[in-house]
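Visitor: Each residue of the sequence shown is one higher than the one before, starting from 1 at the first, in full-length UniProt numbering. Note that the Cβ used here is the ideal one computed from N, Cα and C, for glycine as well. Can you keep this structure in mind? I'll have questions shortly.
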Amino acid sequence: MYRKQEILEKLTGIQSSRKSYYSELIYLVEEMKKKNNQLAVINQLTQIQINATWPETSIAIATQLQLILPFEHFALSLQQGSALSTYLSRWNGEEWQCQSWQHTASTDLAQAAQRLHDSISEVLPQHLATSVPLQNLRKQTFGFLTILHHEGQQLSKEESELFQLTASHVGVCVENILLFHDLSEKVKIEAQLVQSAKMAAIGEIAAGIAHELNSPLTAILGNSQLLLREMGTSEAAPLMNDIYRCGVRCKKIIQNLLTFSRQEEYQFEEVFLDDVVEDALGLIGYQLTVSGLSIQFEQAPAKLSFYGSRHQIEQIVINLLLNARDALAGQQDGRITIRTFLHKDENRSYAGLSVHDNGMGILPEHLPQIFQPFFSTKDRSKGTGLGLSVSLGIAAAHGGKLWAQSESNQYSLFTLLLPLSFDEEVDHGEETDPDSR
Ligand SMILES: Nc1ncnc2c1ncn2[C@@H]1O[C@H](COP(=O)(O)OP(=O)(O)OP(=O)(O)O)[C@@H](O)[C@H]1O
Ligand SMILES: [Mg+2]
């Protein structure tokens, strides 16, 4: 009898009399289910996408953690340089929403956690915060996971241990994301360098050709003007007028080429957005119209200016127009619409530019990748896949934004926003939504 009891205990892990055997077994099964659930959640947490943004990462962690821990809201904080960036995910009853802010970090762990709790309590005053540090393999703290709960929701000892354990797994994952961001930044910079070198080479050639053409053109313009005057109303006058007008057009193209290739154009100055579009159209507009496309340029009612590099923003416009041309290749009723508009958000006002084409559009699975360096769906001979990544870099360097919307076989719409150089201009302008058309 004694041996039988012993064997039973060893097999089931339950030390009990027969009477309570079943209730203990049920308890044990429940505990195992709970542990399984916790393992599944930890497993999910280690599978967060490496290319996820920080708000997406914060929401992904919150969603999983909520399955095993009691809390209301969640925050992921990361030390980047001397700042601690916090991504607070709040549950609004239907979905998670993330907001972020930064404050100065502290090298002292307890002080850093206290500062973090203080900054969170400014946003969520009625909540208690519990944080665990995120550490790398060298045991250096590089951030925190924080859960926010009401007074009655305190974690049990077991739950606190579970929170610590999860943090160690999440730490590895978050560190990988950090490394990935670092690496992508390097690839982007490299791409910018390649593109700048390419542009510099083109610029040099263009400048050479433009200089060569400038002198004969001056003679063509001067002489045709003289002859026009002498011809008066003769029959050949309209032909001479044509020569003169074409000469003026060539002169404009040459001037644009010279501007495009000049290095000092990288200097920042106050620039009117419409002028940049006109310059870009002066350079490649003809090329586009001979491909059979119709181009429409709708200007904002007020002149919008930004503080930046005329040359670099022109580069963005040219990249967008050339992409639109490629997307319309072989299409009958190809249309490109360029619009400039004023855009306001809660913080500031922007000079906006959109380029719309009714071309082949972008496949949904390609859309998240088009701004990545070297992503191209074109022939190797046609596209390097650098145009958009460089454009995005330029927009960011101007404190602006660039994004794309598209529907396959319908349209593509690229929108660029650049901070307005003078906010008072806002009063004269009429706001237009970039998405409305
Ligand atoms: N207007 C558009 N319509 C459809 N697809 C587009 C459009 N603009 C960009 N794309 C897609 O985005 C990809 C990346 O564009 P990006 O300008 O970065 O490179 P590219 O045009 O292929 O090469 P590059 O500009 O370096 O010569 C393109 O290959 C194309 O698939
Ligand atoms: Mg391109």
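#1: May I ask you to report which of helix, strand or coil DSSP gives residue 156?
#2: Can you tell me the Cα-Cα spacing of residue 406 and residue 412, whole angstroms?
#3: Can residue 383 be considered in contact with ligand 2, in the sense that its beta carbon sits closer than 7 angstroms to one or more heavy atoms?
#4: For residue 391, which of helix, strand or coil comes out of DSSP?
#5: For residue 344, write down the residues that DSSP places opposite it in a beta bridge.
#6: Are the beta-carbon atoms belonging to residue 176 and residue 50 less than 8 angstroms from one another?
#7: Do residue 253 and residue 281 have their beta-carbon atoms positioned less than 8 angstroms apart in this structure?
#8: Which residues in the same chain as residue 417 place their Cβ atom closer than 7 angstroms to its Cβ, once the five residues preceding and following it in sequence are excluded?
#9: Would you say residue 324 touches ligand 1, meaning its beta carbon is less than 7 angstroms from a heavy atom?
#10: I'd like to confirm something about residue 376: is its beta-carbon nearer than 7 angstroms to some heavy atom of ligand 4, or not?
#11: Report the partner residues of residue 357 according to the DSSP bridge assignment.
#12: Need the endpoints of the alpha helix (DSSP H) that residue 315 sits in, please.
#13: Count the other CB atoms, across all protein chains shown, that sit within 10 Å of the CB of residue 289; report buried if there are 16 or more and exposed otherwise.
#14: Could I get the ranges of all uninterrupted alpha helix (DSSP H) runs contained in the segment 63–128, with 4 residues as the minimum, in chain order?
#15: Shorter than 7 angstroms, the distance from the beta carbon of residue 412 to the closest heavy atom of ligand 1, or not?
#16: Less than 8 angstroms separating the beta-carbons of residue 105 and residue 82?
#17: For residue 143, report the span of its beta strand (DSSP E) as first-last.
#18: Over the uninterrupted alpha helix (DSSP H) stretch that includes residue 30, give me the two end residues.
#19: Applying the 10 Å Cβ sphere with the 16-neighbour rule, what's the burial state of residue 360?
#20: Which residue or residues does DSSP assign as beta-bridge partners of residue 403?
#21: Do you know how far the Cα of residue 232 is from the Cα of residue 393?
#22: Under the criterion of a Cβ to heavy atom distance below 7 angstroms, does residue 293 qualify as lining ligand 2?
#23: Using a Cβ-based criterion (distance less than 7 angstroms to any ligand heavy atom), does residue 388 qualify as near ligand 1?
#24: Would the C-beta of residue 370 count as close to ligand 1, meaning under 7 angstroms from any of its heavy atoms?
#25: If you measure between the beta carbons of residue 90 and residue 97, is that distance less than 8 angstroms?
#26: By alpha-carbon positions, which one of 388, 185 and 276 ends up nearest to residue 313?
#27: Any heavy atom of ligand 1 inside 7 angstroms of the beta-carbon of residue 357?
#28: Among 242, 321, 166 and 129, whose alpha-carbon lies nearest the alpha-carbon of residue 39?
#29: For a test of the three-state rule: what should DSSP assign to residue 420, helix, strand or coil?
#30: Quick check: is any heavy atom of ligand 2 less than 7 angstroms from the C-beta of residue 92?
#31: Would the segment 27–41 count as touching the segment 101–116 if we require 3 or more Cβ pairs under 8 angstroms?
#32: Check whether the segment 133–149 and the segment 69–80 touch, using three or more Cβ-Cβ pairs below 8 angstroms as the test.
Guide: Taking the coordinates as given:
#1: coil
#2: 4 angstroms
#3: yes
#4: helix
#5: 349
#6: yes
#7: no
#8: 343, 350, 352, 400 and 401
#9: yes
#10: Looking for ligand 4 in the displayed structure turns up nothing; the ligands present are ligand 1 and ligand 2.
#11: 336 and 412
#12: 310–327
#13: exposed
#14: 109–123
#15: yes
#16: yes
#17: 141–149
#18: 21–45
#19: buried
#20: 415
#21: 54 angstroms
#22: no
#23: yes
#24: yes
#25: yes
#26: 276
#27: yes
#28: 166
#29: strand
#30: no
#31: no
#32: yes
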